[in-house]
Amino acid sequence: AFDQYGNLAYTFVETVVFLHIPYIVRFIGGAFFLSGTILMVYNLYKTIVSERVTEVEREVIIPGKLASSH
12 AFDQYGNLAY TFVETVVFLH IPYIVRFIGG AFFLSGTILM VYNLYKTIVS
62 ERVTEVEREV IIPGKLASSH
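All letters in the sequence shown, in the order written, are residues 12 to 81 by the working numbering.
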């Protein structure tokens, strides 16, 4: 915005004071976005290095057959 003489209507300090709250809101939104990205990368890493449940051998115990075999 300019005044009738072609100069800027607001000083730099007035502009910074006016935009202070929107920049805080923008920072908070960016922090949420960044934390979500970090959480996604961590989750992906843990998923890749974990063992598959289907590959783990499990011992099946059937109570009826176990009791009758002794």
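Just so you know, even glycine gets a beta-carbon here, dropped at the ideal spot from N, CA and C.
This structure is a prediction, so every number in the text was calculated from the model and none was measured.
Put residue i into one of helix, strand or coil per three-state DSSP.
i          : result
residue 30 : coil
residue 25 : helix
residue 46 : helix
What residues match up with residue i in a beta bridge as DSSP calls it?
i          : result
residue 13 : 19
With a threshold of 6 Å on Cβ separation, who are the neighbours of residue i within its own chain once the five nearest residues in sequence on each side are excluded?
i          : result
residue 33 : none
Keeping to the same chain, check which residues put their C-beta closer than 8 Å to that of residue i; ignore five residues upstream and five downstream.
i          : result
residue 21 : 12, 29
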